[in-house]
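K.L.:
Submitted below is the structure of interest, expressed as structure tokens.
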Amino acid sequence: MVADLIRPTERGLYCPPGDFYIDPWRPVERAVITHAHGDHARWGHRIYYASHASRPLLERRLSRDALILGCDFDKPFRLGDAWISFHPAGHILGSSQVRVEYRGCVWVASGDYKRDVDPTCEPFQVVPCDTFITEATFALPIYRWEPVARVAGEIHQWWRACARAGQTAVLFCYALGKAQRILAELLAYTRDTAYLHGAMVPLVDAYRDAGVAMLPTASVSAMPRNHDFAGALVLAPPSAAGSSWMRRFRPESTGFASGWMRIRGNRRRRGYDRGFVVSDHADWPALLQTVRDTGARRVLATHGRTDVLVRYLNEVEGVDAQPLVTDYGGEADD
Amino acid sequence: MQRFTALYQALDETTATSGKVAAMEAYFREAPAADAAWAVYFLTGRRLRRLVPTAELRAWTLEATGMPAWLLEETYASVGDLAETLALLLDQPFAPPEQDATPLHVWVEERIQPLRGMATEARRDAVLGWWAALPTPQRFVLNKLLTGAFRVGVSRRLVVRALARVSGLETATLAHRLMGQWQPTPAAFEALLDPEEQGEDRSRPYPFFLASPLEADPTALGDRSDWIAEWKWDGIRGQLLRRGGECFIWSRGEDMMAGRFPEIEAAAADLPDGLVLDGEILAWEDDTPLPFNVLQQRIGRLRPSAKIQREAPVIFLAYDLLEAGGADRRQEPLEARRELLRDVIGDGAGALRRAQALDAGDWVALASLRQTAREEGTEGIMLKRRGSPYRVGRTRGDWWKWKLAPRTVDAVMLYAQPGHGRRSSLFTDYTFGVWDGDTLVPVAKAYSGLDDAEIQRLDRWIRSHTIERFGPVRSVAPQQVFELAFEGLAPSRRHKSGVAMRFPRISRWREDLAPGEADTLDDVKAMLP
Ligand SMILES: [Zn+2]
């Protein structure tokens, strides 16, 4: 038995033959980054390896002198004694799975991923492997996503209903990935301008630069102080909820776009008027299907309901599965 | 079911009361009376008796989905609502079906209620058939009705407001007509909205006027002489009705207490007809109230024996008069009502007595009197404004309860686990929750403050009302309300409720309260220093 190709250390998931870390949470020499979300792409490493499409997003997040090497999808290259390659994960723009091969043994670290159609990023690619490191954010059987095009229709209807009632529709969602995906899906229904919280503006710009088609947008802060937002759709990160920034939108109706909105109690506890079930993570059927598709004999599960996924894979699917302790899972709002 | 589900969603989807009232108003305008009558029934917190054991619902869900039982329980623990968990889990094996146009009353009367008499097999086929035929939101509402846990987070006050908009009637009139028994029939719904006074149901009580807790110093209320002070009695709030030669006793939880307090009914038999008194049912001996746990021996007991009546004697202590000579007196000033009360029952004796005003002449004297409340067997002092009418519900301003510390909350039992040592075979450690919207959030753990007989009884109840087991801990049907006393309250990030309670303990088992009457998280937070 070959020793584990990727193992947890206090700095992050480490690959000894390649001498690199995947999405490390403490500063390291060589960091292979699956995607640009904050809990995966941290500050302070010397060299970053990431997909080309991730680069502009990482450049915004990291310091100027960070050395970011863009990598092609599906093109193996050597790092130390290991071969590694990037493969689309379908999570957000540029998100990648990392395939590591050493002495005929193949491991895939999926990062975050989803299987659903998403006009803002390349679709998930099945990468056969011996050991698959999967996320488990939504590993409960109630998490099952409807087609996002349909949910975008609900969002559009809500927006219209708010407009008729003279309200501002304020939709909270994750600033990187979710916001752009919604703006892209809404194109099927309207060409009206959507307004953005300042934190989202550069990220939406980056997606436009990457050629992603989205609704026209304007920054809330670029509008005159007394601008009337009645009838408008405003996108904001969840942290803006309840802040004084919200005052300008009165009267408003609030919505939250997240996989967690599948459960009423999650929405009610947060006091949102509407919940829209949109997630950039794999739902329960997709997690199981992906494990089967990879053909992996061994599965390691990170962030979320690893306990449930691990037990199910072992007992029902007959796959050798274990939890893998990491520092990921900062996307509590996703 | 489609229209009712849409109403449920509309109520669920808006946090604004105006939106909730508008949604109900639209429903009551459109729905046929037979459906609206049932909607009133559910929206005012009435529930169908448990029709299907939840164990059966779980088993059928496992059968339909093929998932292992542990996975269902993990999911339920995460969702926290069984009806919702099952509705979501069943989303998968079924194709997205058509909307269901069968009216609510047909669902309740012809489908759901007959389940009770059915053999398990037939019940299973019926429920599985409905699950397969309904879209998820309607399956969810059906499950809510089946589990008897229908709560939608609207208060009766809002239901009344919506009905007032539909009918053009005063809210007070509607609140009154909704009191007591509600027959979910089209005739009852039409009578409810009828502009003309109907031949009233003579057992119908008036809506209770509820006091608000006094947070500030009473001097803020102005002149002491504008206020009538009474002890705040520690019993069961009730109305005693004498109409048409009959006597009816209602608790604040709107339970008809017929047959439970024969000595009060006997004393009331001498009263003139067309009379309604507001007061407190108390355990009482000579001139002194007995502790609440003495009264508790009487609450659940129909037709108490002579022995128990001797051991736990009860009285009705009247402090207000709402109807005399068959006329509604609620708009008359408090002093006039009190005078009438004295005319009717004098100082009272035996099982029917009259509460006296406290004479402490200024706020300082009253405050020191309040310090003796506990020795007097009371909870503190009630302050009632002279000249005030008898209002509806918790209207602030005219009635204040000036309670003694420690503070108490009424909370619902959520979990139970066995104690240690001598009591390791009994469930004696409990977790309690209060309402946050329509969910119960845990606020306190308390070890039993109950006596042995109550512990035994509660233990049996827990065993037969277990929803699920997590090792030694059981979650129980959220039905039992307890008053918890505590020493202090502090904000807490560690607790889901956002508050930490210091030294919580059970002060009593409130079998007179329905779970919907337990306190809300906002009530608890209002007590934060
Ligand atoms: Zn992510």
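Sequence lines, in order, name chains A and B.
Its first residue numbered 790, the first sequence is counted upward by one per residue in my numbering.
Its first residue numbered -5, the second sequence is counted upward by one per residue in my numbering.
Using N, Cα and C, we set each Cβ at its ideal position, and we do this for glycine too.
Keep in mind that this is a model prediction, so the values were computed, not measured.
1) In this structure, what does DSSP give as the bridge partners for B/Met376?
2) Cβ of B/Arg388 within 7 Å of Cβ of B/Leu168?
3) Going along the chain, which residues of the stretch 1063 to 1093 of chain A sit with their C-beta nearer than 7 Å to a C-beta in chain B?
4) Give a yes or no on contact between the stretch 1096 to 1106 of chain A and the stretch 974 to 992 of chain A, applying the rule of three or more CB pairs nearer than 8 Å.
5) Under three-state DSSP, which class holds A/Ile971?
6) May I ask which residues mark the beginning and end of the beta strand (DSSP E) holding B/Ile293?
7) Does the distance between the C-beta of A/His826 and the nearest non-hydrogen atom of ligand 1 fall short of 6 Å?
8) How many Å lie between B/Phe476 and B/Arg145 at the Cα?
9) Looking at C-alpha atoms only, which residue of B/Asp85, B/Thr114 and B/Ala158 is the closest neighbour of B/Pro189?
10) Under the criterion of a Cβ to heavy atom distance below 6 Å, does A/Asp901 qualify as lining ligand 1?
11) Leaving aside the five residues before and after A/Pro1110 along the sequence, list all residues of the same chain whose C-beta is less than 6 Å from its C-beta, in chain order.
12) If you measure between the beta carbons of B/Leu478 and B/Ala359, is that distance less than 7 Å?
13) Does B/Leu1 get closer than 7 Å to chain A when you measure Cβ to Cβ?
14) Within 10 angstroms of the Cβ of A/Thr798, are there 16 or more other Cβ atoms? Answer buried if so, exposed if not.
15) So is A/Gly1107 buried or exposed if we call it buried at 16+ other beta carbons inside 10 Å?
16) Under 8 Å Cβ to Cβ from A/Glu911, same chain only, skipping five residues before and after it: list those, please.
17) Determine the direct distance from the alpha carbon of A/Ala1075 to that of A/Arg904, and round the result to whole angstroms.
18) I need the DSSP call for B/Pro131, collapsed to helix, strand or coil.
19) Would you say A/Leu1102 reaches chain B, if we count a Cβ-Cβ gap shorter than 7 Å as a contact?
20) Whose Cβ in chain A lies nearer than 7 Å to the Cβ of B/Thr8?
21) Could you check whether the stretch 501 to 517 of chain B touches the stretch 481 to 490 of chain B, counting it as contact only if at least three pairs of C-beta atoms, one from each stretch, sit closer than 8 Å?
22) Take B/Thr528 and list the residues in its own chain whose beta-carbon comes closer than 6 Å to its own, dropping the five residues that flank it on each side.
23) Which residue wins for smallest C-alpha separation from B/Gly465, given the options B/Arg41, B/Glu67, B/Arg171 and B/Asn287?
24) Identify the residues that DSSP records as bridge partners of B/Lys439: which are they?
25) Below 7 Å CB to CB, which residues in the same chain sit around B/Ala166 once its five sequence neighbours on both sides are set aside?
26) I need the boundaries of the alpha helix (DSSP H) containing B/His459, first residue and last residue.
27) Whole angstroms are fine: how far does the CA of B/Ser469 sit from the CA of A/Phe1018?
28) Give the residues of chain A in contact with B/Thr79, contact being defined as C-beta atoms less than 8 Å apart.
29) Does the stretch 282 to 290 of chain B come within contact of the stretch 319 to 339 of chain B, defined as at least 3 CB pairs closer than 8 Å?
30) With a Cβ-Cβ cutoff of 7 Å, do A/Val1066 and A/Arg1053 count as a contact?
31) Could you tell me whether the stretch 113 to 123 of chain B touches the stretch 168 to 177 of chain B, using the rule of 3 or more Cβ pairs below 8 Å?
32) Return yes when the Cβ of A/Leu1022 is within less than 7 Å of the Cβ of A/Trp947, no when it is not.
33) For B/Tyr409, report the span of its beta strand (DSSP E) as first-last.
34) In whole angstroms, give me the CA-to-CA distance for B/Arg150 and B/Ala156.
35) Which of the residues in the stretch 265 to 280 of chain B, read from start to end, lie with their CB under 9 Å from any CB of chain A?
36) Would you say A/Val1097 faces chain B, with C-beta separation under 7 Å as the test?
P.N.:
This is what the structure gives:
1) Paired residues: B/Glu224 and B/Lys395.
2) no
3) Answer set for the stretch 1063 to 1093 of chain A: Arg1063.
4) no
5) helix
6) Looking at the DSSP string, B/Ile293 is not in any beta strand (DSSP E); the run it does join, the alpha helix (DSSP H), is Phe286 to Ile293.
7) yes
8) Using only the alpha carbons, I get a separation of about 20 Å.
9) Ranking B/Asp85, B/Thr114 and B/Ala158 by Cα distance to B/Pro189 puts B/Ala158 first.
10) yes
11) One point to set straight first is that residue 1110 of chain A is Ala, not Pro, in the sequence displayed. Counting only Cβ-Cβ distances below 6 Å, and skipping sequence neighbours, we find Val1088, Val1099, Leu1102 and Asn1103.
12) no
13) no
14) By the neighbour-count rule (16 or more Cβ atoms within 10 Å), A/Thr798 is not buried but exposed.
15) exposed
16) Ala842, Phe862, Pro877 and Gly879
17) Distance from the CA atom of A/Arg904 to the CA atom of A/Ala1075, rounded to whole angstroms, is 6 Å.
18) helix
19) no
20) Asp1062
21) Result no; under three Cβ-Cβ pairs closer than 8 Å.
22) Not covered by the structure: residue 528 of chain B. The range shown for chain B is -5 to 523.
23) From the listed residues B/Arg41, B/Glu67, B/Arg171 and B/Asn287, the smallest Cα separation to B/Gly465 is found for B/Glu67.
24) B/Thr425
25) Val386
26) Counting along the chain, B/His459 falls outside any alpha helix (DSSP H), and DSSP gives it neither H nor E.
27) B/Ser469 has its alpha-carbon roughly 47 Å from the corresponding atom of A/Phe1018.
28) Ile931
29) no
30) Contact: no.
31) no
32) No, these two residues do not count as a Cβ contact at 7 Å.
33) Arg401 to Pro412
34) Roughly 10 Å separates the two Cα atoms.
35) For the stretch 265 to 280 of chain B, which is checked against every Cβ of chain A, not one residue is closer than 9 Å.
36) yes
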